[in-house]
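Heads up: the sequence shown at position 482 corresponds to 482 in UniProt numbering, and the numbers run straight through without jumps. Ideal placement from N, C-alpha and C gives every residue a C-beta, glycine not left out. All of these numbers come straight from a predicted model, not from anything done at the bench. Below is one structure, written out as structure tokens; the observations come after it.
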Amino acid sequence: MAVNIILPPSSLSLWHTKKLIYSTQIRFRIMSSASKSQPQSVASSAVYQVPGLDSHEMDSTADKTFERYSSNTAKRNGKGVSIVWFRNDLRVLDNEALFKAWVSSQAVLPVYCIDPRLFQTTYYFGFPKTGALRAQFIIECLADLKKNLMKKGLNLLIQHGKPEDILPSLAKAFGAHTVYAHKETCSEELQVERSVARGLRQVELSRAQGNSSRSSSTHSPKLQLIWGSTLYHLDDLPFSVGSLPDVYTQFRKSVEAKCTIRGCIRLPTSLGPPPSVDDWGIIPSVEQLGLHSEKVVKGMRFLGGETAALSRVTEYFWNKDLLKIYKETRNGMLGPDYSTKFSPWLASGSLSPRFIYEEVKRYEKERLANDSTYWVLFELIWRDYFRFISIKYGNSFFHLGGPRKVEKRWHQDQKLFETWRNGCTGYPLIDANMKELSASGFMSNRGRQIVCSFLVRDMGIDWRMGAEWFETCLLDYDPCSNYGNWTYGAGVGNDPREDRYFSIPKQAQTYDPDGEHVAFWVPELLTLPKERRNFPGKSYIEQVVPLKFGSSNKHHSQRSKYGGRHSGLRNR
Numbered sequence: 001m002a003v004n005i006i007l008p009p010s011s012l013s014l015w016h017t018k019k020l021i022y023s024t025q026i027r028f029r030i031m032s033s034a035s036k037s038q039p040q041s042v043a044s045s046a047v048y049q050v051p052g053l054d055s056h057e058m059d060s061t062a063d064k065t066f067e068r069y070s071s072n073t074a075k076r077n078g079k080g081v082s083i084v085w086f087r088n089d090l091r092v093l094d095n096e097a098l099f100k101a102w103v104s105s106q107a108v109l110p111v112y113c114i115d116p117r118l119f120q121t122t123y124y125f126g127f128p129k130t131g132a133l134r135a136q137f138i139i140e141c142l143a144d145l146k147k148n149l150m151k152k153g154l155n156l157l158i159q160h161g162k163p164e165d166i167l168p169s170l171a172k173a174f175g176a177h178t179v180y181a182h183k184e185t186c187s188e189e190l191q192v193e194r195s196v197a198r199g200l201r202q203v204e205l206s207r208a209q210g211n212s213s214r215s216s217s218t219h220s221p222k223l224q225l226i227w228g229s230t231l232y233h234l235d236d237l238p239f240s241v242g243s244l245p246d247v248y249t250q251f252r253k254s255v256e257a258k259c260t261i262r263g264c265i266r267l268p269t270s271l272g273p274p275p276s277v278d279d280w281g282i283i284p285s286v287e288q289l290g291l292h293s294e295k296v297v298k299g300m301r302f303l304g305g306e307t308a309a310l311s312r313v314t315e316y317f318w319n320k321d322l323l324k325i326y327k328e329t330r331n332g333m334l335g336p337d338y339s340t341k342f343s344p345w346l347a348s349g350s351l352s353p354r355f356i357y358e359e360v361k362r363y364e365k366e367r368l369a370n371d372s373t374y375w376v377l378f379e380l381i382w383r384d385y386f387r388f389i390s391i392k393y394g395n396s397f398f399h400l401g402g403p404r405k406v407e408k409r410w411h412q413d414q415k416l417f418e419t420w421r422n423g424c425t426g427y428p429l430i431d432a433n434m435k436e437l438s439a440s441g442f443m444s445n446r447g448r449q450i451v452c453s454f455l456v457r458d459m460g461i462d463w464r465m466g467a468e469w470f471e472t473c474l475l476d477y478d479p480c481s482n483y484g485n486w487t488y489g490a491g492v493g494n495d496p497r498e499d500r501y502f503s504i505p506k507q508a509q510t511y512d513p514d515g516e517h518v519a520f521w522v523p524e525l526l527t528l529p530k531e532r533r534n535f536p537g538k539s540y541i542e543q544v545v546p547l548k549f550g551s552s553n554k555h556h557s558q559r560s561k562y563g564g565r566h567s568g569l570r571n572r
């Protein structure tokens, strides 16, 4: 049965005095205690769906949101056919590429290309580029996008293959004058954009086809790339990307003072009709992508798609009214409601950051404005910053020395790395977080910082191994935020504090004082007294490496300094 956790008075005191992680509105399935002397604990098999609404509630929420963001004042003045190439923008609401395609044509063909390169291996260490859990999430995003496009009078053409092969062929077959898509920033994605543009230039359309005003008898389709992944638009920044500040605070203060956030794009109620298509294709299963299906049997089960994304915003902001305490609870590690959990939908483009901004502002107007409402925007600006920095520094984001070209010796001990990857390090806080990542495709922001620090500081392992493993597992993976975070954590990013260290004993005492998180993910610790769960000694497996600073067996005297930064709602 799902109930609200009731924290003991001592825990409530800690929550208030140290801004700890518990939210009294977090729902868990709990085990019944055998007697009054035994406190209730979080069940080791609990699964909680995010968002926690049923399908009817979610559909109703999405429909109402689409209605609020619809406009019938836009005029359609184009001719012929245009193509929308969906990439990491799997949404209808606030999709400028979709809007421009509609305005410039008489018929819109939405297309998604299942690129086999996304299911190959990572660059350096050969991990799967896309794990089964993220693949399942993307499949759900595509099914939901198709459904929402059909509500608008369109459909979604599913094609298997490389975009540079598929899109020119479709442009020729349908006489499409333009392919619209959202622009990306990292090298692999940019290479695909260049290949698509090159392929389109080789297609010849007659003047009667498309929307061309040229006097020549033939012309080629165009690739029109649109910026639409950030809160602040690239063109509105008060500096060139090459002059982007290397310190986040300088960037944030500048854009907040000098930039205006553009409003969400409002689409007509109907975007149809689409061109005539004999076979719209079938959304594949995980197995058809060459992966083994995995089911979330523990932890958070995120539902993919724009409908779920809009429902989560409504649930977190309006139904549960958690926005007002976000800053106090955001460093939690257990349960669905200590933070927004928007990041998987932001990464897939199922959720627009500008929509979140407008909902925050509506909340501030209708309910209240405080540090917590601002802090959600603060995190979105972090996300923007990593995306803009990825343009400035290019592939150095992925190099061992990072943007600052730091020369440091790292090792690539595979056996040691596997203890970290599999959650068998002997440190419950590390092991619990890594097990959560493998089981659910998610890890808290606090957890990510802790396991990163342990891998690179205590183990001395090449940070790129950790970054590539996160690339495999994370539902909310995007290259800018993932590698941006890892370069920061490894001390090779553009960060004035180079040698940040997260003390495991200190982190455990502060963010998991009763060992609820570690006991949930490492059930053998559940029988231990709460104060021993993070420091079990010989009751747990042997520690694979000593800590760089301090000892987990002497945690009461440990007072190492630790740093912290925010990851821009990538994992919030």
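- For residue 123, the three-state secondary structure derived from DSSP is coil.
- By the neighbour-count criterion, in which a residue is buried when 16 or more other Cβ atoms sit within 10 angstroms of its Cβ, residue 340 is buried.
- CA-CA distance, residue 186 to residue 192, rounds to 10 Å.
- In the three-state reduction of the DSSP assignment, residue 403 falls in the coil class, being assigned neither a helical nor a strand state.
- With a threshold of 16 other beta carbon atoms within 10 Å, residue 362 falls short and is exposed.
- For residue 114, no alpha helix (DSSP H) run applies; the uninterrupted beta strand (DSSP E) run containing it begins and ends at 107-114, by DSSP.
- Comparing alpha-carbon positions, the option among 418, 333 and 300 lying closest to residue 49 turns out to be 300.
- Of the residues 162, 421, 269 and 292, the one whose Cα lies closest to the Cα of residue 74 is 269.
- When DSSP reads this structure, residue 409 sits in no beta bridge, so it has no partner.
- Around the beta carbon of residue 177, 16 or more other beta carbons lie within 10 angstroms, which makes this residue buried.
- Going by C-alpha positions, residue 305 is about 16 Å away from residue 441.
- Residue environment: residue 260 is assigned as exposed (fewer than 16 neighbouring CB atoms within 10 Å of its CB, all protein chains considered).
- In the displayed model, residue 159 falls within a strand according to three-state DSSP.
- DSSP places residue 316 outside any beta strand (DSSP E), giving it a letter other than H or E.
- One alpha carbon belongs to residue 419, the other to residue 82, and they sit about 51 Å apart.
- Fewer than three beta-carbon pairs drawn from the segment 473-493 and the segment 510-524 are found closer than 8 Å, and the two stretches are therefore not classed as touching.
- In the structure shown, the three-state DSSP call for residue 46 is coil.
- Under the 8 Å Cβ criterion, the segment 122-134 counts as touching the segment 471-483, having at least three qualifying pairs.
- A straight-line Cα-Cα distance of about 40 Å links residue 524 and residue 59.
- A distance below 7 Å between beta-carbons, with the five flanking residues on each side excluded, links residue 408 to no residue of its chain.
- Residue 414: member of the alpha helix (DSSP H) spanning 414-421, first to last residue.
- Here DSSP, grouped into helix, strand and coil, assigns residue 301 to strand.
- Spatial neighbours of residue 467 in its own chain (CB-CB distance under 7 Å, excluding positions within 5 residues in sequence) are listed in chain order as 482, 483 and 486.
- Fully enclosed alpha helix (DSSP H) runs of no fewer than 4 residues occupy 445-453, 463-473 and 479-490 of the segment 444-503, in order along the chain.
- Residue 85: member of the beta strand (DSSP E) spanning 81-86, first to last residue.
- Residues of the same chain with a CB within less than 6 Å of the CB of residue 348, apart from the 5 flanking positions on each side, are 90 and 141 in chain order.
- The way I'd put it, the segment 427-446 doesn't touch the segment 92-101; fewer than three beta-carbon pairs between them come closer than 8 Å.
- One Cα belongs to residue 373, the other to residue 66, and the distance between them is close to 23 Å.
- With a contact defined as Cβ atoms closer than 8 Å, residue 220 and residue 205 qualify at about 7 Å.
- Exclusion of the five residues before and after residue 171 leaves 83, 179, 200, 203 and 221 as the residues of its chain whose Cβ lies within less than 7 Å of its Cβ.
- Shortest Cα-Cα distance from residue 289 to any of 242, 114 and 150 involves 114.
- Residue range 176-182 is occupied by the beta strand (DSSP E) that includes residue 176, with no alpha helix (DSSP H) assigned at that position.
- A straight-line Cα-Cα distance of about 28 Å links residue 129 and residue 224.
- The beta-bridge partner set that DSSP reports for residue 100 is empty.
- Around the beta-carbon of residue 369, fewer than 16 other beta-carbon atoms lie within 10 Å, marking it exposed.
- Under the three-state reduction of DSSP, residue 90 is assigned to coil, being neither helix nor strand.
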